[in-house]
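Student:
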């Protein structure tokens, strides 16, 4: 059984590093905004082992036309969504995302947005997100699209 719990930023590193920052220094696993009071982190656990993570932080990309109508405090960015390779395809990411959406709705958040790796776009589309940008490159990370969902 998969259990979703609040975790610290540091606890996310054990999944962020092998999935999102493979072969890079541990400090590359820290994201700007990880420690803000408005930021929260979730971990997916199987028994006592953390197998998936995500981070939600208050942020608004003013370049996105679809976000212009929303105030900053109604916009959250999803970052560092990752599931250990051996656990991918087993519903872990779906559970993490649904729990994040639930918590954000409770906070009266209106929109979630993020930068999605190309390989993850079909997963997010199945979860109701839409691509709202052209392909772009995040240096040292790879090709991405911006995606959003109005809650």
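Numbering (my numbering), first residue to last: 181 to 331.
Just so it is clear, CB atoms sit at the ideal spot from N, CA and C, and this is done for glycine as well.
Small disclaimer: the values here were computed from a predicted structure and weren't measured.
Can you say whether residue 201 is buried or exposed, counting buried as having 16 or more other CB atoms within 10 angstroms of its CB?
Tutor: For the purposes of this step, residue 201 is taken as residue 21 along the chain shown, with counting starting at 1. Buried: at least 16 other Cβ atoms inside 10 Å.
Student: If you compare alpha carbons, which of 306, 301, 305 and 308 is closest to residue 333?
Tutor: This structure cannot speak to residue 333, because the chain is shown only from 181 to 331.
Student: Can you say whether residue 216 is buried or exposed, counting buried as having 16 or more other CB atoms within 10 angstroms of its CB?
Tutor: Position 36 of the chain shown, counting from 1, holds the residue named residue 216. Answer is exposed; the Cβ neighbour count stays below 16.
Student: So what does DSSP say about residue 287, is it helix, strand or coil?
Tutor: For this step, residue 287 is matched to residue 107 along the chain shown. Residue state, collapsed to three classes: coil.
Student: Within the continuous alpha helix (DSSP H) that includes residue 195, where are the two ends?
Tutor: Mapped onto the chain shown, residue 195 falls at position 15. Residue 195 -> alpha helix (DSSP H) spans 189-200.
Student: Would you give the residue range spanned by the beta strand (DSSP E) that residue 325 belongs to?
Tutor: Within the chain shown, numbered from 1, the residue matching residue 325 stands at position 145. 322-330 is the extent of the beta strand (DSSP E) around residue 325.
Student: Determine the contact status of residue 280 and residue 258, defining contact as a CB-CB distance below 8 angstroms.
Tutor: To locate residue 280, count along the chain shown from 1; it is residue 100. To locate residue 258, count along the chain shown from 1; it is residue 78. Cβ atoms of residue 280 and residue 258: closer than 8 angstroms.
Student: Can you list, in chain order, the stretches of the alpha helix (DSSP H) that have 4 or more residues and sit fully within the region 237-311?
Tutor: Whole alpha helix (DSSP H) segments, 4+ residues: 272-286 and 301-306.
Student: For residue 226, which of helix, strand or coil comes out of DSSP?
Tutor: Here residue 226 is taken as the residue at index 46 of the chain shown, counted from 1. Reduced to three states, the DSSP call for residue 226 is strand.
Student: For the beta strand (DSSP E) containing residue 211, name the first residue and the last one.
Tutor: Within the chain shown, the letter at position 31 stands for residue 211. That residue, residue 211, is in no beta strand (DSSP E); it is neither H nor E in DSSP.
Student: Identify, in the order they occur along the chain, each residue of the same chain with its Cβ nearer than 6 angstroms to the Cβ of residue 209, setting aside the five sequence neighbours on each side.
Tutor: Numbered from its first residue, the chain shown carries residue 209 at position 29. Answer for residue 209: 193, 196, 197 and 201, listed in chain order.
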